[in-house]
Structure formats: structure tokens, C-alpha cells
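Under this note's numbering, think of the first position of the sequence shown as 2, with each following residue one higher. Ideal placement from N, C-alpha and C gives every residue a C-beta, glycine not left out.
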Amino acid sequence: MEPVVRVTDLVQNKDGTKILDGISLEVYRGELFGLFGPRGAGKTALLHILAGIDRFQRGSLEILGCDPRKSEKFKHRLGLVTQEKSLFQDLKAGENLDFLAALKNTGRESCYKVIDQFKLTDYLNLPVTRLSAGVYQRLALACALLNEPELLLADELFPGIDPHSHHIIAVELKKYLAGGGTCIQSFNNMDAFARQDCGSGDESCEMKGDESGRINRVGWLEQGQLTIYQPCEAAAEWQRRVKSFHGQSGGDHA
């Protein structure tokens with residue numbers, strides 16, 4: 002099976018600082034890949050490179066069979082939710098959907114579908130600047146899924162949102178994955194996942210991604226290096242780091 006994303010020895014430098022230092026990664030169709038690491042580790046930089054927004058200095062990259070340096074054809078098969086304000090701030094919620102549907106050439110039916118999925122009817126006439134954090138994220142993900150993308154890149158979907166919005170987003174993300182979509186989702190910490198009881202030596206162990214499904218593999222990004230873990234290995238490593246940080250493990254600090 003050919004990967005949806007293939008990254009090989011990728012290097013990115015910004016202002017004399019090496020952000021990504023020779024990382025390699027393959028993500029396959031139907032996967033939910035969790036990208037973890039401390040703030041400033043380069044998670045957003047990597048997602049922006051995968052989306053074709055940022056450049057890199059060395060290495061190779063293939064997204065949905067395309068080299069982003071040579072072609073942008075992959076972009077119409079891609080969905081992106083960023084940490085930054087990813088919607089048009091001077092438009093209403095419904096106007097954002099209409100405008101992005103036109104840009105993506107998806108038609109009105111795609112708008113009706115995501116409005117229903119993300120329970121947005123009551124907010125369509127509101128400026129996006131008046132939306133709560135949870136509704137804003139629901140709208141941002143709805144816009145990203147207008148074109149039914151094969152690959153979804155999501156930069157921290159859940160922090161700071163209300164439980165109702167969290168549930169809606171998680172359920173729709175799970176449906177997206179069940180339908181054959183692929184998602185790379187970034188997180189700042191692994192607390193929610195490290196609490197899962199994986200069990201020692203259980204090869205069937207999986208890491209839950211809240212209601213959004215189960216994370217298939219985990220990438221830990223730190224100091225420009227990416228380490229790939231199976232979910233339970235990542236949970237155990239996170240617990241070790243937390244204990245070490247609090248001086249409870251008696252071992253060396255990470």
C-alpha cells in the first residue's frame with residue numbers, strides 16, 4: 002500500500018534555527034496519526050509543510066502522490082485546520098462556508114451537509130468574531146471537510162472548547178476516518194491518552210483519541226527529531242516523562 006504522506010530526511014531552518022532535523026515519516030490511508038510534542042517543537046511547522054504552506058531546505062516530500070515543490074494538485078484533496086484564525090474574520094459563519102465552498106468548487110449541497118453535521122444552523126448569521134471557541138472550531142473543521150478531503154491536517158482541535166462542541170467534532174472526525182479519510186492531528190500533551198489502560202505486552206493495544214477514534218501511531222517531535230511509537234509505548238513514555246519532571250521516578254530527567 003502506498004502511503005498518503007511520505008516524508009524523507011526533511012530539514013527546515015528558520016532564522017538560523019533548525020526546526021526540523023532530518024525527520025522521516027509515512028502515514029497510510031485510514032490512519033489517525035497523533036503528532037505530539039512540547040510547544041515550539043515544530044508540530045505546526047511540519048503540518049504547514051505538509052499542507053504546502055511552508056518550504057523546507059532539504060529532504061523529500063510526497064503528499065497524495067504529488068511533490069509539493071512541483072505541483073499543487075494535491076491541495077484540492079486536502080483539508081486543513083490551523084491553530085491560527087483560519088476563517089475570514091470579516092465574514093459571517095455562513096458566508097465563510099459559501100465562500101470556501103466556491104473556492105473548493107463543491108457546491109451548495111456540501112454546505113448543507115456540514116451545517117447539519119456540525120450543528121451550525123443557529124450560528125450562520127453571526128460574525129465569526131462572535132462565535133465561541135467551540136463553535137469556531139466546529140465551523141473551521143466543517144470548512145476543511147467541505148471538499149471531502151482524502152487527507153485532513155488538524156492542528157490542536159480540542160483545547161479550550163466546550164464539551165458539546167468537543168463531542169460533535171470528535172464524532173464527525175470518527176465518521177471521517179471510518180469513511181476512509183486519513184488524519185494527522187497535533188497535540189501539546191498526551192495526558193488524555195496516557196490514562197488509557199493499555200496493558201503490558203498486549204499487541205492489540207490501541208490508544209484512544211477521545212470519541213474521535215483510536216490513534217494508530219504516535220510521532221513524538223522534540224528538538225527537531227521525530228520518534229515514532231506504537232500508542233502504548235508512547236503512553237508509557239509520556240508517563241515516564243511526567244514522573245521524571247515531578248521528581249517521582251528517581252531516574253534521569255528527560
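Please state whether DSSP places residue i in a helix, a strand or coil.
i, result
"residue 73", "coil"
"residue 28", "strand"
"residue 128", "strand"
"residue 234", "helix"
"residue 173", "helix"
"residue 133", "coil"
"residue 162", "coil"
"residue 40", "coil"
"residue 224", "coil"
"residue 186", "strand"
"residue 118", "helix"
"residue 140", "helix"
Kindly list the residues whose CB is nearer than 7 Å to the CB of residue i, restricted to its own chain and excluding five residues on each side of it in sequence; keep chain order.
i, result
"residue 166", "135, 136, 138, 139"
"residue 101", "144, 147"
Within its chain, find whatever has a CB closer than 8 Å to the CB of residue i; leave out the 5 residues flanking it on each side and keep chain order.
i, result
"residue 10", "23, 24, 25, 59, 60, 61"
"residue 1", "This structure leaves residue 1 out entirely; the chain is present only between 2 and 255."
Please list, in chain order, all residues of the same chain as residue i whose beta carbon is under 6 Å from its beta carbon, the five residues on each side excluded.
i, result
"residue 75", "64, 65, 67"
"residue 225", "19, 21, 22"
"residue 30", "5, 183"
"residue 7", "27, 63"
"residue 230", "219"
So residue i and residue j are supposed to be a Cβ contact under 8 Å. How far apart are they, rounded?
i, j, result
"residue 44", "residue 38", "5 Å"
"residue 222", "residue 33", "17 Å between Cβ atoms; not a contact."
"residue 88", "residue 141", "6 Å"
Only counting runs of 4 or more residues, tell me where the alpha helix (DSSP H) segments fall wholly within the stretch 88 to 116, in order along the chain.
94 to 105
Can you confirm whether the stretch 66 to 84 touches the stretch 37 to 56 when touching is taken to mean that 3 or more C-beta pairs between the two stretches lie within less than 8 Å?
yes
Could you tell me whether the stretch 173 to 193 touches the stretch 105 to 112, using the rule of 3 or more Cβ pairs below 8 Å?
no
Those runs of the beta strand (DSSP E) which lie wholly inside the stretch 45 to 73 and span at least 3 residues:
59 to 64
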